[in-house]
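Visitor: Numbering (full-length UniProt numbering), first residue to last: 1 to 149.
Structure incoming, see below.
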């Protein structure tokens, strides 16, 4: 009788071990299939291929001197819609007014003045932030040059 119980328990143990191993490998293959499907879906998604540079001029001393600030560097590809969204967010916060020289400018929270927001698109990454936006010491100089000529 003990021998029959021992043989029966060994058979049950072997069946349980074989079924658990089979379930494990079946589960692993399902996980691999799901990962392959996810990778295929990701490969089908469009990749961003445009480069965008958003800049504006910033002054800390009430418009006496200006320096260019880059919002995006233009080195990482992004969709044009993402770039436009960032640019529109800047323009939404740009409650501009005209200063005494007729230039549009905007004071932001930390008492800085920003002016001339600009957006540039390219098919290739932008090289250097200094090479792209127009070099302007003060926006007021361009108006003074126009008035004298």
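Even glycine gets a Cβ: it sits at the ideal position worked out from N, Cα and C.
A quick note: this is a predicted structure, and the numbers were derived from the prediction, not measured.
Can you give me the C-alpha to C-alpha distance between residue 78 and residue 115, rounded to a whole angstrom?
Guide: Counting from 1 along the chain shown, the entry for residue 78 is found at position 78. Counting from 1 along the chain shown, the entry for residue 115 is found at position 115. Cα to Cα, the separation comes out at about 24 Å.
Visitor: Determine whether the beta carbon atoms of residue 83 and residue 72 lie at a separation below 9 Å.
Guide: The sequence position of residue 83 within the chain shown is 83, counting from 1. The sequence position of residue 72 within the chain shown is 72, counting from 1. For residue 83 and residue 72, yes; Cβs fall inside 9 Å.
Visitor: Count the other C-beta atoms from every protein chain shown that fall within 10 angstroms of the C-beta of residue 5, then say buried if there are 16 or more, exposed otherwise.
Guide: One-based indexing of the chain shown puts residue 5 at position 5. Exposed: under 16 other Cβ atoms inside 10 Å.
Visitor: Does DSSP put residue 41 in a helix, in a strand, or in coil?
Guide: The residue you call residue 41 lines up with position 41 of the chain shown. If DSSP states are grouped into helix, strand and coil, residue 41 belongs with the helices.
Visitor: For residue 92, which of helix, strand or coil comes out of DSSP?
Guide: Stepping through the chain shown from its first residue, residue 92 is reached at position 92. Looking at residue 92 - three-state DSSP - the assignment turns out to be helix.
Visitor: Cα separation between residue 55 and residue 117?
Guide: As a working mapping, residue 55 is identified with position 55 in the chain shown. As a working mapping, residue 117 is identified with position 117 in the chain shown. Answer to the nearest angstrom: the Cα atoms are 6 Å apart.
Visitor: Using the rule of at least 16 other Cβ atoms within 10 Å of the residue's Cβ for burial, across every protein chain shown, is residue 88 buried or exposed?
Guide: For the purposes of this step, residue 88 is taken as the residue at position 88 of the chain shown. Counting Cβ neighbours within 10 Å, residue 88 comes out exposed, since fewer than 16 surround it.
Visitor: Looking only at its chain, what residues have a beta carbon closer than 7 Å to the beta carbon of residue 148, apart from the 5 residues adjacent to it on each side?
Guide: Within the chain shown, residue 148 is the residue found at index 148, counting from 1. Low local confidence applies: a pLDDT of 42 at residue 148 is under 50, so the model's placement there is unreliable, with the coordinate-based value given in what follows. Excluding residues within five positions, none has a Cβ falling inside 7 Å.
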